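> Quick one: structure below, then a few questions.
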Amino acid sequence: MKTFLRILGIVLAFAVFVAAGLAYPYYTRWHDLETAIWRQKYFAWGLVVVPFVLLASTLLQDWMRPHLKMGTVFSLARGPRGIRTYLRDLPGAVRAAALVFLIGALCKPITLRTDERAVDTGIDIVIVMDLSGSMRAILDDKPDAVRGDSELDDKKRVTRLDTAKAVVKDFVSRRKSDRIGVVVFAKNAFILSPPTLDYALLNKLVSKLQRGVIDESGTAIGEALGAAVTRLCQPERINKTDPSAPVKCTNETQSKAVILLTDGDNNAGELSPEKATEFAVKHDIKVYTIQIGNDDEVDVEDGTDWLGKPHYTKQRFPVNPELLRQISEKTNGESFIATDGKALESSMHEILDRLEKTRFEAPRSSHEELFFLLLFPGVALVGFEILLRVLLLRRFP
54 MKTFLRILGI
64 VLAFAVFVAA
74 GLAYPYYTRW
84 HDLETAIWRQ
94 KYFAWGLVVV
104 PFVLLASTLL
114 QDWMRPHLKM
124 GTVFSLARGP
134 RGIRTYLRDL
144 PGAVRAAALV
154 FLIGALCKPI
164 TLRTDERAVD
174 TGIDIVIVMD
184 LSGSMRAILD
194 DKPDAVRGDS
204 ELDDKKRVTR
214 LDTAKAVVKD
224 FVSRRKSDRI
234 GVVVFAKNAF
244 ILSPPTLDYA
254 LLNKLVSKLQ
264 RGVIDESGTA
274 IGEALGAAVT
284 RLCQPERINK
294 TDPSAPVKCT
304 NETQSKAVIL
314 LTDGDNNAGE
324 LSPEKATEFA
334 VKHDIKVYTI
344 QIGNDDEVDV
354 EDGTDWLGKP
364 HYTKQRFPVN
374 PELLRQISEK
384 TNGESFIATD
394 GKALESSMHE
404 ILDRLEKTRF
414 EAPRSSHEEL
424 FFLLLFPGVA
434 LVGFEILLRV
444 LLLRRFP
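Pasting the structure below:
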C-alpha cells in the first residue's frame with residue numbers, strides 16, 4: 054500500500070510540474086503554439102524515455118542504493134520523520150518534467166505569418182524543362198553554375214539535363230523579386246511548381262529532377278508551352294455559366310515570360326505548338342526558346358567498362374530550330390541555340406536582361422521560432438531541481 058501511494062505521489066508531482074511549466078506558454082503565446090508547425094517532429098520519440106527517467110530518478114534510486122542490514126528497524130520506524138522524507142521523490146519528478154519541455158524545444162515549433170503584403174517589381178516567369186530521353190546526351194564545356202554545384206562531380210562529364218538543372222538553379226538563386234514557376238515535360242507535361250517567390254523550394258524541386266520520373270519516349274513541346282502559359286495567365290471565363298464564353302487573363306502582372314529549354318522536336322501531345330503559341334500571343338506572353346545542342350552526333354553514356362569507367366556511344370537526336378524560332382518571333386521573344394554549357398548559361402542571363410519588370414503586390418511569408426516557449430520552462434525546472442538537491446534534499450552516502 055505504501056509503495057502504491059508513493060507511486061501515486063510521484064505521478065501527481067510530475068503532472069503538477071508539467072502544468073507549472075505550461076503556464077509560461079499558456080499566458081504568452083498559447084494560440085501560436087497550438088497551431089505551430091513542428092519542423093523536427095522525430096525528436097518527439099524522445100518522450101518514450103520520460104517514464105523510465107521518472108522511475109530511475111525516484112523508486113530505483115532507493116532500490117539501487119547500498120543498504121545496511123540490521124536485525125530489526127522497529128524502533129527506528131517509530132521515530133519521527135522530517136518533511137524531507139516525503140519530498141525525496143520531488144527532484145526526480147522535476148527532472149522528468151524538465152525533459153518533456155526540452156524535448157519539445159528540440160522539435161523546433163514555428164508559426165507561419167503570411168498576412169504581410171508588399172509591392173515589388175519583378176517578372177512572372179515559367180521555366181519549361183525538357184526531360185525527354187535525348188537530355189541524357191553529354192554537354193561539354195561546363196559553365197560556372199555546374200562547377201559550383203555541389204551535387205555534381207566536377208571530374209565527370211555532365212549531361213544536358215545535369216547542365217540545365219545547374220543553370221536553372223543558378224538562375225533562380227540570382228533572382229530577388231521575380232515569381233518563377235517550373236514545368237517539366239517529355240511525352241507529357243507536368244507542373245512542377247506554379248510561379249512563386251520561394252526560391253529555396255524551387256531549387257530543391259529542380260535538384261530532385263532526374264531521368265525516368267516521367268515517360269521520356271516523346272517530346273510534347275506544345276503541351277508544355279500550353280501548361281506554362283496557363284499558369285502565367287490564370288484564365289477565367291467572363292461568363293462562368295456559359296462554357297463557350299471567352300476567357301480573360303486574371304494575372305495582374307504585365308511582364309510575363311516563358312523560357313523553353315529543349316533539345317528536340319515536337320512529336321507527342323495533343324496540343325500543337327502552334328495552338329499554344331496563339332494562346333501566348335493572345336495574352337501577351339513572351340516566349341524565349343533555348344535549343345540545347347544541334348543536329349550533330351553527341352556522346353551518350355552507354356554503361357561502364359570492367360574498371361567502372363563510363364563508356365560512350367555516338368548518337369544523333371533530331372532538332373527543329375525553325376519551330377523554336379517561329380514560337381519566339383510570334384510572341385515577341387527571342388530564340389537561342391546553346392551548343393555547350395556556357396552558351397546555355399549566358400542565354401539564360403541574356404533573356405533576363407531583355408525582360409521588363411512590372412509592379413505587383415505579393416504576399417510575404419515569414420516564420421517565427423517558438424522553441425523558447427518550451428526551452429524556458431525546461432531550463433527553469435532543471436535549475437529548480439539543482440536547488441532542491443543542493444539546498445533542501447542533500448543526501449550523504
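Position in the sequence shown (from 1) plus 53 gives the number in the working numbering. Heads up, the beta-carbon is just placed ideally off N, CA and C, and yes, glycines get one too. Remember, predicted model here, so these are calculated numbers, not experimental data.
1) Are at least three pairs of beta-carbons, each pair with one atom in the region 253-264 and one in the region 222-242, less than 8 Å apart?
2) By a C-beta neighbour count over all protein chains shown, 10 Å radius and 16 as the cutoff for buried, is L426 buried or exposed?
3) Rounded to the nearest angstrom, what separates D337 and K309 at their Cα positions?
4) Helix, strand or coil, according to DSSP, for R210 in the structure here?
5) Spell out the partners DSSP gives L165 in its beta bridges.
6) Taking the alpha-carbon positions, what's the P104 to W91 distance?
7) For D316 versus V372, is the C-beta distance shorter than 8 Å?
8) Are the CB atoms of T272 and A219 within a distance shorter than 8 Å?
9) Are the Cβ atoms of I63 and L100 separated by less than 8 Å?
10) How is the beta strand (DSSP E) around E354 delimited, first residue to last?
11) Who are A190's beta bridge partners in DSSP?
12) Residue range of the beta strand (DSSP E) that Y341 falls in?
13) Of the choices L324, T392, D352 and F67, whose alpha-carbon is the least far from that of A150?
14) For I274, which option in G145, G436, V181 and D177 has the closest C-alpha, if you only look at C-alpha atoms?
15) By the 10 Å Cβ neighbour count, where 16 or more other Cβ atoms means buried, how is L360 classified, buried or exposed?
16) Would you kindly work out how many angstroms separate the C-alpha atoms of T342 and V282, rounded to a whole number?
17) Which value, in whole angstroms, describes the spacing of the CA atoms of I439 and L75?
18) How many angstroms separate the CA atom of I163 from the CA atom of Y252?
19) By the three-class DSSP mapping on this structure, what secondary structure does H84 have?
20) How many angstroms separate the CA atom of R264 from the CA atom of T212?
21) Less than 8 Å between the CB atoms is what I'm expecting for L397 and I345, so what's the real figure, rounded?
22) DSSP state of S381, grouped into three classes?
23) Leaving out five residues on either side along the sequence, give the residues of the same chain with a beta carbon under 6 Å from the beta carbon of F389.
24) I'd like to confirm the pairing. Which residues does DSSP put opposite F389 in its beta bridges?
25) Among the residues of its own chain, which have a CB less than 8 Å from the CB of P248, if the five just before and after it don't count?
26) If you draw a straight line from the C-alpha of I60 to the C-alpha of V69, how long is it?
27) Between the alpha carbons of A329 and G386, how many angstroms are there, rounded?
28) Quick check: what's the CA-CA separation for G394 versus D406?
29) Would you mind reading off the limits of the alpha helix (DSSP H) that contains D316?
30) Check whether the Cβ atoms of V340 and T384 lie closer than 8 Å to each other.
A quick look at the data gives this:
1) yes
2) buried
3) 8 Å
4) R210 falls in the coil class under three-state DSSP.
5) BP columns for L165 point to H420.
6) 23 Å
7) Yes, the pair counts as a contact, with Cβ atoms nearer than the cut-off.
8) no
9) no
10) V351 to T357
11) V353
12) K339 to I345
13) F67
14) V181
15) exposed
16) Near 14 Å, if we compare the C-alpha coordinates of V282 and T342.
17) 20 Å
18) Straight-line Cα distance between these residues: approximately 20 Å.
19) helix
20) 11 Å
21) Contact holds; Cβ gap of about 6 Å.
22) Collapsing the DSSP output to three states places S381 in a helix.
23) I343 and S400
24) I343
25) Here the set comprises D177, I178, V179, R232, I233, G234, R284 and L285.
26) 14 Å
27) 14 Å
28) In a straight line, the C-alpha of G394 is about 19 Å away from that of D406.
29) For D316, no alpha helix (DSSP H) segment is defined, and its DSSP state is neither H nor E.
30) yes
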